[in-house]
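To start, the structure itself, in structure tokens.
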Amino acid sequence: MESLEKQLICPICLEMFTKPVVILPCQHNLCRKCANDVFQASNPYLSTRSGSTVTSGGRFRCPSCRHEVVLDRHGVYGLQRNLLVENIIDMYKQVIDLSDSTCVHVCVCVCTCVCVCTRARVCVHVRVCVQVELADCVSMLVGNNERIQAIVSQLEETCRAVDENGRRQKSKVCETFDHLFALLEEKKSEMTVKINAEQEEKLDYIRGLRRKYTEHVDGTAKLLETAIQTMDESEMALFLQVNLNAPRPVQITEGSDTSHLDKVQHGYENMDHFTANFEHQRRALSDIDFIKLDEDEDDDEDEGEVKVQTAGSPAESQQAASAGLPANRQPALSPGLSAPPPPKAPETTPPTSSQTKSASPSTSNQTPPPLPLPTTSPAPQV
Numbered sequence: 001m002e003s004l005e006k007q008l009i010c011p012i013c014l015e016m017f018t019k020p021v022v023i024l025p026c027q028h029n030l031c032r033k034c035a036n037d038v039f040q041a042s043n044p045y046l047s048t049r050s051g052s053t054v055t056s057g058g059r060f061r062c063p064s065c066r067h068e069v070v071l072d073r074h075g076v077y078g079l080q081r082n083l084l085v086e087n088i089i090d091m092y093k094q095v096i097d098l099s100d101s102t103c104v105h106v107c108v109c110v111c112t113c114v115c116v117c118t119r120a121r122v123c124v125h126v127r128v129c130v131q132v133e134l135a136d137c138v139s140m141l142v143g144n145n146e147r148i149q150a151i152v153s154q155l156e157e158t159c160r161a162v163d164e165n166g167r168r169q170k171s172k173v174c175e176t177f178d179h180l181f182a183l184l185e186e187k188k189s190e191m192t193v194k195i196n197a198e199q200e201e202k203l204d205y206i207r208g209l210r211r212k213y214t215e216h217v218d219g220t221a222k223l224l225e226t227a228i229q230t231m232d233e234s235e236m237a238l239f240l241q242v243n244l245n246a247p248r249p250v251q252i253t254e255g256s257d258t259s260h261l262d263k264v265q266h267g268y269e270n271m272d273h274f275t276a277n278f279e280h281q282r283r284a285l286s287d288i289d290f291i292k293l294d295e296d297e298d299d300d301e302d303e304g305e306v307k308v309q310t311a312g313s314p315a316e317s318q319q320a321a322s323a324g325l326p327a328n329r330q331p332a333l334s335p336g337l338s339a340p341p342p343p344k345a346p347e348t349t350p351p352t353s354s355q356t357k358s359a360s361p362s363t364s365n366q367t368p369p370p371l372p373l374p375t376t377s378p379a380p381q382v
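In structure tokens, the structure reads:
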């Protein structure tokens, strides 16, 4: 019935054909009224029977196949009526009117919703309202969206926590390294002060010796100049007069004697005893790393054993400290860092009053201590 109804639909008004139905030369059907509307639209300057005059001829195209239809002087009224289609329409309307009252074929009320399939003429299926099913789907979708929104909120909170924890840990690491930098700077200043102190002491001593040797050379030069002037006098009277002020041989002998002046011993300028070995500290800095959380429990279990092993005697503890424990056995620099501490430098005995800072008991080529400044000797008399 549906296919038949589709065949009885006018392609212009999209409704069932209304009488009279005309057939075009291309064998397509139209309502006469719709055919007249198409003709007037295609020929706006031509009058129809309703007008004052009747024109002869005209043309328009079939709306189904676009075939050109040529009309005679009667226009659309000259087209033949399709009585077969009109009779089919009448029969279809009668069948439709009859089916609206009772259902002849299945013997059930027309208003009852039944399912007709290939297995049975009337099938009993579970009937679900579309709105109820749609409401269930909407509820499920809303619940799913709420769950996804909760996950999104949790992820956002996790991102904020990661960002905050990262900033806090970076701040701790930077603070720890700043503390290490301050310790290194303080140690550098301390060692530099020691070097500067001994450097100034040696420079003062050498400058004093240079000044004394310079004064001795100046005095010897004056004696030499006076002796040469005395020797150059040719007249006996002037020679005797100048000879009174001329240097005596004893004075010349004393001027050439430098035994009373101190000498700088060999290697006095050497300051290699201030050389420091930073290899252990460099390794300790290279081994700085974060604490491994998966090894914390193992470290706690092994901590008691390490304490028992290192608590035997002070000598064993010192040997264990000098040998160095692994990085994960060393105490942490901060809550976020773990690094082995630098080895403790061996203590040295303080120098005696006769020794100076330049003395190094551990080196084979000992540098001599600085000699005391000599007493000021009287200037040679001329």
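Note that UniProt numbering numbers the sequence shown so that position 62 is 62, with each residue one more than the last. Glycine included, C-beta positions come from ideal geometry on N, C-alpha and C.
Through-space distance from residue j to residue i, alpha-carbon basis
i: N145; j: E133; result: 18 Å
i: S189; j: A182; result: 10 Å
i: F290; j: K187; result: 25 Å
i: Q169; j: T176; result: 11 Å
i: H28; j: E86; result: 14 Å
i: N165; j: V193; result: 42 Å
i: Q131; j: V142; result: 16 Å
i: S360; j: N277; result: With a pLDDT of 39 at S360, under the threshold of 50, the modelled position of this residue cannot be trusted, and the question is left open.
i: L224; j: H216; result: 12 Å
i: C65; j: D97; result: 33 Å
i: Q80; j: V22; result: 6 Å
i: M16; j: V152; result: 57 Å
i: A345; j: K222; result: With a pLDDT of 48 at A345, under the threshold of 50, the predicted position of this residue should be treated as unreliable, and no value is reported.
i: L30; j: N36; result: 10 Å
i: R61; j: C13; result: 16 Å
i: R147; j: V162; result: 22 Å
i: S286; j: E279; result: 10 Å
i: A150; j: A135; result: 22 Å
i: M91; j: R32; result: 20 Å
i: M271; j: E185; result: 22 Å
i: I288; j: C174; result: 13 Å
i: T214; j: S259; result: 15 Å
i: I195; j: L203; result: 12 Å
i: P340; j: M140; result: Caution is warranted here: a pLDDT of 43 is assigned to P340, below 50, making its placement in the model unreliable, and the coordinate value is therefore given only provisionally. Taking the straight line joining both Cα atoms gives about 59 Å.
i: Q281; j: E156; result: 43 Å
i: E201; j: A227; result: 39 Å
i: D178; j: M191; result: 20 Å
i: L71; j: I9; result: 24 Å
i: K172; j: L293; result: 18 Å
i: V138; j: R160; result: 33 Å
i: T158; j: R167; result: 14 Å
Where residue i falls: helix, strand or coil (DSSP)
i: E68; result: strand
i: G75; result: helix
i: F278; result: coil
i: D262; result: coil
i: M16; result: strand
i: F60; result: strand
i: A359; result: For A359, the predicted structure reports a pLDDT of 39, less than 50, and the residue's modelled location is therefore unreliable. A value from the coordinates is still provided. Reduced to three states, the DSSP call for A359 is coil.
i: M271; result: coil
i: N87; result: helix
i: N196; result: helix
i: N165; result: helix
i: N36; result: helix
i: A327; result: Annotation note: pLDDT 42 at A327 (below 50); position unreliable, no value reported.
Candidates the options: closest to residue i by CA position
i: L261; options: H28, I23, R211, N82; result: R211
i: H74; options: F39, L184, H216; result: F39
i: F274; options: R207, E225, A197; result: A197
i: G208; options: D272, V264, E185; result: V264
i: Y205; options: Q281, Y268, M91; result: Y268
i: S42; options: M16, V76, I88; result: V76
i: P4; options: I88, R59, P44; result: The sequence shown places Leu at residue 4, not Pro. Answer by Cα proximity: I88.
i: Q7; options: L84, M191, S139, I195; result: L84
i: G78; options: G58, S171, E201; result: G58
i: E2; options: L155, K93, K172, K292; result: K93
i: L180; options: I9, L293, A284, T18; result: A284
i: T18; options: N82, P44, L71; result: N82
DSSP bridge partner residues for residue i (one or two, in chain order)
i: V21; result: C31
i: E148; result: Checking the sequence, you will find Ile at residue 148 rather than Glu. Answer is none; I148 lacks a bridge partner.
i: R81; result: V22
i: I9; result: M16
Cβ-Cβ separation, residue j to residue i (assumed contact under 8 Å), whole Å
i: L24; j: V95; result: With a Cβ gap of about 27 Å, L24 and V95 do not count as contacting.
i: P11; j: P63; result: 5 Å
i: H67; j: C34; result: About 16 Å; that fails the 8 Å criterion.
Cβ-heavy atom distance, residue i to the ligand ZN, below 6 Å
i: R160; result: As far as ligands go, the structure on display features none, and thus does not contain the ligand ZN.
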